[in-house]
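Input: a single structure, listed below in structure tokens.
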Amino acid sequence: MPLWDQCKLVTHRMNVSIWRNTDYVNNKLVLHITPALFNEFTFWQIGNSVGSLQLRLFTIFNFIFVAPGVIAQLQPLFIARRDLFEVREKKSKMYSWVAFVTGLIVSEMPYLCVCGVLYFVCWYYTVGFPSESNKAGATFFVVLMYEFVYTGIGQFITAYAPNAVFATLISPLLIGTLISFCGVLVPFSQIQPFWRYWMYYLNPFNYLMGSLLTFHHILCRGPLRGIRVRRFRSTKWPNLSAIPGGLQRRHGIANQLDKSQCHGRL
């Protein structure tokens with residue numbers, strides 16, 4: 022049988038299997054809706070002050086923690102299917118491992134899209150983020166891509182794990198390492214040089230935070246130009262008085278009086 026036909030048949034079988042596994046689907050939905058509501062009511066309608074930039078940083082940072090629960094949920098199902106493949110289909114040569122892997126990946130995509138939409142709708146507008154379509158749409162795209170990224174990380178770990186217990190032990194270690202070196206808990210300048218120049222730049226959570234914070238601005242009244250915080254490393258300055266002089270001059274902030282005329286805005 023051609024490989025394309027194998028992929029179609031196995032993917033259809035995986036889709037039917039997940040559709041009938043209502044506990045798995047319902048748990049995946051709950052693991053997105055519940056954190057979104059918690060994040061929403063914790064950071065309800067964040068204001069426009071400079072101090073609110075830190076709140077925006079942490080409400081986005083909370084989005085990362087969708088991953089551990091969903092990864093822990095998919096690992097036992099992944100291992101059960103892998104064991105069945107190795108015992109039955111692989112030895113009988115019913116279909117290729119490429120078709121098996123394709124079916125596992127593709128069958129998760131519709132539910133990840135639905136979960137991404139639910140999290141975005143429950144969280145984005147209620148925390149006071151911009152409603153302009155260009156900003157909201159770009160943020161939604163990043164949220165959707167993150168669903169695929171952390172699911173891929175979880176499946177990668179599980180594929181190499183000999184059993185579910187080992188996968189459950191390795192996942193928190195890897196996710197915790199990525200969270201620790203994404204620049205939020207420890208600012209970039211304070212990360213040890215050994216980790217700073219490779220772990221930080223290889224970390225997908227670094228780019229997740231940076232992309233979601235792209236639309237956060239510090240705008241100044243009068244003739245002063247706005248400061249656009251394009252990378253979240255810039256949010257390590259809790260107020261404008263702590264911004265280095267070179268950056269102040271670049272954006273037209275010359276003295277403390279001018280800084281007092283600035284306010285945070287999305």
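Under the numbering used here, think of the first position of the sequence shown as 22, with each following residue one higher. Ideal placement from N, C-alpha and C gives every residue a C-beta, glycine not left out. All of these numbers come straight from a predicted model, not from anything done at the bench.
A Cβ-Cβ distance of about 6 Å is found for the pair GLN94 and ASN48, placing them in contact under the 8 Å criterion. Note that the C-beta distance between HIS53 and LEU139 is below 7 Å. Scanning PHE215, PHE169 and GLY149 for the CA closest to the CA of SER73 turns up GLY149. Within its own chain, the residues whose Cβ lies closer than 6 Å to the Cβ of LEU199, once the five positions on either side in sequence are excluded, are ASN224 and PHE226, listed in chain order. Exposure of PHE62 is indicated by the presence of fewer than 16 other C-beta atoms within 10 angstroms of its C-beta.
Within the same chain, and ignoring the five residues on either side of THR123 in sequence, the residues whose Cβ sits closer than 8 Å to its Cβ are CYS28, VAL31 and THR32.
By the criterion of a C-beta distance shorter than 8 Å, ILE92 is surrounded in its chain by TYR171, THR172, ILE174, GLY175, ILE178, SER192 and ILE196, once the five residues flanking it on both sides are discounted.
In this structure, the beta-carbon distance from VAL164 to PHE141 falls below 7 Å. In the three-state scheme derived from DSSP, where H, G and I count as helix and E and B as strand, GLY149 is classed as coil. Nearest Cα to LEU133 within the set ASN83, LEU194 and LEU50: LEU50. Distance between MET130 and TRP40, taken at the CA atoms: about 12 Å. Taking 7 Å as the cut-off, the Cβ atoms of ALA57 and TRP144 count as close. The continuous alpha helix (DSSP H) containing PHE177 extends over residues 154-181. THR189 is the residue among THR189, VAL207 and LEU233 whose C-alpha sits nearest the C-alpha of GLY90. By the criterion of a C-beta distance shorter than 8 Å, PHE169 is surrounded in its chain by MET130 and LEU133, once the five residues flanking it on both sides are discounted.
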